[in-house]
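One structure is given below, encoded as structure tokens.
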Amino acid sequence: GPGDPLEENFLSDRAAEALARMPTSDPGAVPPLAAGLAHTDSEVRSHAAKTLQRYGRRAKPAVDALVKALQK
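Okay, so the sequence shown: first residue is 45 according to our numbering, each after it adds one.
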């Protein structure tokens, strides 16, 4: 259930695996990934940043969110 560390770790691991395999051909994914940079969980922020890195120049709309995240 919610708050169960084992379940949360399992879900986090699956989400990270999905992000690692996510194709970077859809620029529509950049705004949600940019929003992930402001998440309270550092793992979420890290995975969002790593995925955006794979987008290269197509992640340009996320630059402001990335700068804010780095300033925190």
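Backbone N, C-alpha and C define an ideal beta-carbon position, used for all residues, glycine too.
(Q) Considering just the uninterrupted stretch of the alpha helix (DSSP H) at A82, what are its terminal residues? (A) Premise fails: A82 is in no alpha helix (DSSP H) and is neither H nor E.
Q: Assign T84 to buried or exposed, taking buried as 16 or more other Cβ atoms, counted over all protein chains shown, within 10 Å of its Cβ.
A: exposed
Q) Can you give the Cα-Cα distance for A92 and A59, rounded to whole angstroms? A) 10 Å
Q) Taking C-beta to C-beta, are R102 and V74 nearer than 8 Å? A) yes
(Q) Rounded to the nearest angstrom, what separates Q115 and A79 at their Cα positions? (A) 15 Å
Q. T95 by DSSP, collapsed to three states: which one?
A. helix
Q: Tell me, to the nearest whole angstrom, how far the beta carbon of L110 is from that of L63; I am working on the premise that it is less than 8 Å.
A: Wrong, their Cβ atoms sit about 16 Å apart, outside the cutoff.
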